[in-house]
Amino acid sequence: MTWFILILAGLFEVVWAVGLKYTQGFTRLVPSILTIAGMLISFWLLAHAMKTLPLGTAYAVWVGIGTIGAFIAGIVLFNESLSTMRVVSVGLIVAGLIGLKMSTA
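The numbering of the sequence shown is the numbering used here, which starts it at 69 and goes up by one.
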């Protein structure tokens, strides 16, 4: 259950990272409110997961999910470039996350 909570925290990190793009520097009210809500939920879920997972593992996985999600969202929502180097780099992040999960089974 803890890993599910951590994954959910990472997904909410993606929500607020994407939301930041839509806030236009927190000048748009609704996107700003949704972004802040995403931040609070993400941090709350991360804190809950850290009750039982090691700090380094939980934080690295949370950031990794956010990084991968923001990478995909950037391509899908904002037409950001998709290069071989970017894909390989994200692949390395995924490999690291798998390694962390396997080390704390």
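Just so it is clear, CB atoms sit at the ideal spot from N, CA and C, and this is done for glycine as well.
Residue of 110, 93 and 92 minimising C-alpha distance to residue 83: Taking the sequence shown and counting its residues from 1, one reaches residue 83 at position 15. Closest by alpha carbon: 110.
Under the three-state DSSP convention, the category residue 99 falls into: Working through the sequence shown from its first residue, we reach residue 99 at position 31. Residue 99: helix per DSSP, three-state reduction.
From what residue to what residue does the alpha helix (DSSP H) around residue 81 run? To locate residue 81, count along the sequence shown from 1; it is residue 13. Unbroken alpha helix (DSSP H) run through residue 81: 70–91.
Please state the DSSP three-state secondary structure of residue 151. As a first step, residue 151 must be located in the sequence shown, where it is residue number 83. Coil, per DSSP.
Which residues in the same chain have their Cβ closer than 6 Å to the Cβ of residue 86, if we skip the five residues on either side of it in sequence? Along the sequence shown, one-based indexing puts residue 86 at 18. So the list reads 141, once near-sequence residues are dropped.
Counting beta carbon pairs with one atom in the region 163–170 and one in the region 96–109, are three or more of them shorter than 8 Å? no
When you compare only the Cα positions, how much space is there between residue 128 and residue 138? Taking the first residue of the sequence shown as 1, we reach residue 128 at position 60. Taking the first residue of the sequence shown as 1, we reach residue 138 at position 70. If I take the Cα positions, the gap works out to 15 Å.
With DSSP as the reference, label residue 135 as helix, strand or coil. Sequence index remark: in the sequence shown, residue 135 carries index 67 (1-based). Of the three classes helix, strand and coil, the one that applies to residue 135 here is helix, per DSSP.
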